[in-house]
Structure formats: structure tokens, C-alpha cells
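Visitor: This is the structure I have questions about; it appears just below.
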Amino acid sequence: MTIFVAGVHGVGKSYLCQKYVQDHDVLHESASSLIRKERSHVDWSVDKKVADVDDNQVALNSAVKRILAAGHSLLLDGHFVLIDRQCNFTRIPSSVFNDLCITGVILIEADPDVISNRLKNRDATPSAVNIADFINAEREQAQKVCREIGAPLKILASPDYPSFSKAISDALKTAN
Numbered sequence: 043m044t045i046f047v048a049g050v051h052g053v054g055k056s057y058l059c060q061k062y063v064q065d066h067d068v069l070h071e072s073a074s075s076l077i078r079k080e081r082s083h084v085d086w087s088v089d090k091k092v093a094d095v096d097d098n099q100v101a102l103n104s105a106v107k108r109i110l111a112a113g114h115s116l117l118l119d120g121h122f123v124l125i126d127r128q129c130n131f132t133r134i135p136s137s138v139f140n141d142l143c144i145t146g147v148i149l150i151e152a153d154p155d156v157i158s159n160r161l162k163n164r165d166a167t168p169s170a171v172n173i174a175d176f177i178n179a180e181r182e183q184a185q186k187v188c189r190e191i192g193a194p195l196k197i198l199a200s201p202d203y204p205s206f207s208k209a210i211s212d213a214l215k216t217a218n
């Protein structure tokens, strides 16, 4: 089973997922990491703009299917919306998530100023887009995709680890 942990860049997805897998028998991968491994490179610059979105999604699908075929449960962290090279939002279609066998979605949100500071500290570069607009686009697409593929959606606002852990554990139980 695959639990998709979504949210904009810098919201804390990877941090929370990495902490969760230390205590639980589940794998964690970021979508970009799986794409990079599958394609031997990721077409993603430091400013988070993406080219070849369709090719990346094919690579991601292949990598996730291989993990699931090996019998692992997966926390997949990624995005419902990407930023293209022209700084436009590119909404990933529902079919991509359906193909990934998503059994539940946790959407993490945080204050745009907090995210902005994290990105400046982590990447040494500001966001290429308005973060509040990105958060809204991510939420709208998450709701649309979950409705279309029938996956439960839980939205967490600046979660601490215990609330994130409970949401993941609940999603895994519901999926079984």
C-alpha cells in the first residue's frame, strides 16, 4: 500500500516521514528520489522548476510498482502540483495517482512565512512562486485527485510528530 504525503516544498514532509520510518516497518521515498533513481537523473533544478513532467511520472510509476511488488508499504512524499520552467503551476492528473495505487493521502500545510524561511535556509534561494498560492493550488488538486480516485484525504496544519504519526498509522489501518 502507498500513503502519499503531500505538500509544498519546505513544509516538512521528508522530515516527518523520515522520523516515522525509524519507528515503523514501512519504507519512505520522495517522489523526486525515486524518479532520480529510475532515470539516473532528475530533471529538477535548485529552484524546483520541473521539465518533462510526463516522463518523470512514468519513471515514478515504475519505481513505486517495483517497491509494492516486493511487498513493502510505502510513504511516498511528493506533490500534487509542480512548478514548470515558466513558474506556472502544473497539476498532476488523477490518473498518475491512481496508477501509483495510492490508498490514502496526508496533505501537510504550514504558514507561508514559515515555509519561506525554511526554503531560504535549506536551499539558499527564495521560492520561485507565491507560497500561499502554491499551498492553495496543492490543496485544491489534492481534494480533486482524492475525490476522483476514491482515496481518503487528511489535511494536517503544521503537525507535530505525534499527530503526523497518528494520521499515518490511521491511514495504514484504514487501507488494510
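Numbering-wise (the working numbering), the sequence shown opens with residue 43 and increments by one.
Beta carbons: idealized from backbone N, C-alpha and C, even for Gly.
If you count every other CB in all the chains shown that lies within 10 Å of the CB of T216, and 16 or more means buried, which is it?
Guide: T216 should be labelled exposed.
Visitor: Would you check if the distance between the CB atom of I177 and the CB atom of E151 is smaller than 7 Å?
Guide: A contact, by the Cβ cut-off of 7 Å.
Visitor: Would the stretch 70-83 and the stretch 105-118 be scored as touching if the rule is three or more Cβ pairs under 8 Å?
Guide: Enough Cβ pairs lie closer than 8 Å, so yes.
Visitor: Which residues in the same chain as A105 place their Cβ atom closer than 8 Å to its Cβ, once the five residues preceding and following it in sequence are excluded?
Guide: Excluding positions up to five away in sequence, the list reads E71, L76, I77, K79, E80.
Visitor: Using DSSP with H/G/I as helix, E/B as strand and the rest coil, what is I45?
Guide: DSSP places I45 in strand when its eight states are reduced to three.
Visitor: In or out: N172 buried (at least 16 other Cβ within 10 Å) or exposed?
Guide: Flag for N172 reads exposed.
Visitor: Whose C-alpha, out of R108, L142, N159, is nearest the C-alpha of G52?
Guide: Measuring from the Cα of G52, the nearest candidate turns out to be N159.
Visitor: Let's test the definition: count the other Cβ atoms within 10 Å of the Cβ of E190 and tell me whether it reaches 16, buried, or not, exposed.
Guide: By the neighbour-count rule (16 or more Cβ atoms within 10 Å), E190 is not buried but exposed.
Visitor: Please state whether DSSP places L161 in a helix, a strand or coil.
Guide: Of the three classes helix, strand and coil, the one that applies to L161 here is helix, per DSSP.
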